[in-house]
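Right, one structure below, let's go through it.
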Ligand code: GLC
Ligand code: CA
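In this note's numbering, the protein residues as written are 23 to 579.
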């Protein structure tokens, strides 16, 4: 079986609001992305994932959609979207949209209608429940239908007086969940997917795909001794998220969605899924991978910078995503702290983790600005545009810092730093929608192009190798044993081609005996490479070609 393109691809996430502003209103837009396509093409990533730019009140910056087949005017027009698809394809690249299937905006015509009465044609399109009677408090509105907590904390039930009922919302109150048990809803959403696939989109990133279905009986969640959800365990706020997410019907729906997308050929379906690996795995379907094509493996977002951590992680990932499945390696996105923040803004360490990400067996997915080492920009909760910090403004921010949670997502969504001019070259507006990070004079694309050792040029070089070496795109992975402490090593192999990667997570120099034919890449200078021993400096890495045929030739000489 040949490996499908989407298992060999590499993904670059664009947050359109912050990428490039073509008309200088301070907000990034679709034309802006088009203007930067050559940069992205040259960088070497094949697939662009664009965060939502559909019509929306922007209460959650596009993750609250009010019309799935129209474009928010601040981002452009339908024509711009079609141009974007076309221009990406002209460069031999792919483009995936962000599909928010779980919920709409509360301003979507469907919801306005649904909320208006108990018996309108869309009355059952969202999840409505009667209040529970509150016998002790007569004359008071009834209680919420059950104890479920939203993903952002607090009850996810919200009262609508028009119906004297509660609607359910997994995320924020203005994002009501659609009712997938209603066949018309399912049909409408699958048709939206078809609409965009018909326009040539190469697939979707699927927003909180694991919460689509809820327990049919709305049973109460059991107690759990867990305050905050983690990357791999969505339970929290002292309850086990047993009945409001990761339901069997959602696993089944993944297959239905795949069948619909298959009508358009080989398309990517990349799920945002919170759960342990057994659960995540179930969204991918049977052994033949007839569900989603990929799911993010989010454990890595909370990575620890050491060889043992990554060795164990890779082993677990390999065990859960064997061929024909393919894992996704992601260090950051628009919801989580920037990856470099976790390693103390250390550029050398950043080079090493990206070296891993771009050579390990899996689809790498990087977040705009990660390639130049953009850092978090601390901003006060009270001034946040992101709605989430407003829920938590009574808790001092250092509490979240201590547990390593980025509550204010504005911090990771600041404008892309293109050069050292006004607003980092993102926009010439007086005021950009979020402030530009003060470090833009040093950290920007133009500066880093000039420096051969910059993170940007390191990533470009690595991408070039990845794009040339089939073994890195689709080869098997084997962990190398017997390496010095602090060094992680693995080989990637396909047919006669073999590549070994050695990564030194330690600050001390290491010497390793290994037979190789060519050194494809080394982070630090290449002194002492004699084809039998490799000297790795502290925080150094090397990619070696180990070609059996070449070695034979050499022996014969
Ligand atoms: C996902 C998105 C996030 C959004 C939420 C609600 O987690 O990544 O940005 O706020 O879903 O749609
Ligand atoms: Ca603009």
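Glycine included, every Cβ here is placed at the ideal spot set by N, Cα and C.
Under a 10 Å Cβ-count criterion, residue 421 is classified as exposed, with fewer than 16 other Cβ atoms of the shown protein chains found around its own Cβ.
In this structure, DSSP gives residue 379 a helical state, which the three-state scheme calls helix.
Checking the 7 Å criterion, the Cβ of residue 45 is within range of a heavy atom belonging to ligand 2.
Counting C-beta atoms within 10 angstroms of its own C-beta, residue 192 has 16 or more neighbours from the protein chains shown and is therefore classed as buried. With respect to the 8 Å criterion, residue 114 and residue 485 are not classified as neighbours on the basis of their beta carbons.
Of all alpha-carbon atoms in 244, 252, 282, 284, the one lying nearest the alpha-carbon of residue 265 is that of 244. No Cβ-Cβ contact shorter than 8 Å links residue 378 with residue 561. Residue 470 is classed as buried because its beta carbon has at least 16 other beta carbons within 10 Å across all chains shown. At least one heavy atom of ligand 1 sits closer than 7 Å to the Cβ of residue 193. Non-local beta-carbon contacts of residue 399 in its own chain, meaning distances under 6 Å to residues more than five positions away in sequence, involve 433, 436, 459 in chain order.
Between the alpha carbons of residue 46 and residue 92 lies a distance of about 22 Å.
In terms of Cα proximity to residue 409, the closest of 24, 175, 103, 124 is 175.
Beyond the five residues adjoining it in sequence on each side, residue 474 comes within less than 7 Å, by CB distance, of no other residue in the same chain. Around the CB of residue 38, 16 or more other CB atoms lie within 10 Å, so the residue is classed as buried. The closest CA to that of residue 260, considering only 267, 270, 252, 246, is found on 246. In the three-state reduction of the DSSP assignment, residue 166 falls in the coil class. For residue 181, the CB contacts under 7 Å within the same chain, skipping 5 residues up- and downstream, are 163, 188 in chain order. Taking residue 120 as reference, the option from 199, 82, 135, 72 with the minimal CA-CA separation is 72. Close CB contacts of residue 221 within its chain, under the 7 Å cut and outside five residues either way in sequence, are with 104, 107 (chain order).
When distances are taken from the beta-carbon of residue 122 to the heavy atoms of ligand 1, the shortest one is below 7 Å.
Counting only runs of 3+ residues, the beta strand (DSSP E) found wholly inside the segment 213-244 occupies 225-228, in chain order. Just so you know, the alpha carbons of residue 449 and residue 49 end up roughly 8 Å apart. By the Cβ test, the segment 251-259 is not in contact with the segment 138-152, since fewer than three Cβ pairs between them sit closer than 8 Å. Counting other Cβ atoms within 10 Å of its Cβ, residue 383 reaches 16 or more and is therefore classed as buried. At a cut-off of 3 residues, the continuous stretches assigned as beta strand (DSSP E) that sit fully inside the segment 104-181 are 116-121. For residue 492, the three-state secondary structure derived from DSSP is helix.
In the DSSP annotation of this structure, residue 399 is not part of any alpha helix (DSSP H), being labelled neither H nor E.
About 5 Å separates the beta carbons of residue 393 and residue 478, which is inside the 8 Å limit, making them a contact pair. With a contact defined as Cβ atoms closer than 8 Å, residue 44 and residue 79 miss out at about 23 Å.
Within the same chain, and ignoring the five residues on either side of residue 41 in sequence, the residues whose Cβ sits closer than 7 Å to its Cβ are 50, 54, 55, 58, 390, 438. Considering only 228, 336, 328, the residue with the shortest C-alpha distance to residue 283 is 228.
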